[in-house]
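Trainee: In my numbering, the protein residues as written are -8 to 63. Note that CB positions come from ideal geometry on N, CA and C, so glycine has one too. Every value quoted in this text rests on a predicted model; they were computed, and no experiment measured them.
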């Protein structure tokens, strides 16, 4: 389960960086350099990984509450 979360986090981070670069290119701003991308990419991966882990915890908690039958 956590392996797929890491893959999703990496994919989301890459998608975000590519999207930001495209938007910057369209509006005529300078596109980030490779060095800047090398710094931003791990930061985005960690942020997306943390968000996905919190989401998985929320889903698991709701599933366990539904099994017990306790109202939310």
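Within the continuous alpha helix (DSSP H) that includes residue 57, where are the two ends?
Mentor: 25 to 59
Trainee: Indicate whether the contact test is met: 3 or more Cβ pairs, each with one atom in the stretch 42 to 59 and one in the stretch 18 to 29, closer than 8 Å.
Mentor: no
Trainee: To the nearest angstrom, how far is it from the Cα of residue 47 to the Cα of residue 37?
Mentor: 15 Å
Trainee: What are the complete alpha helix (DSSP H) segments, minimum 4 residues, inside the stretch -5 to 22?
Mentor: none
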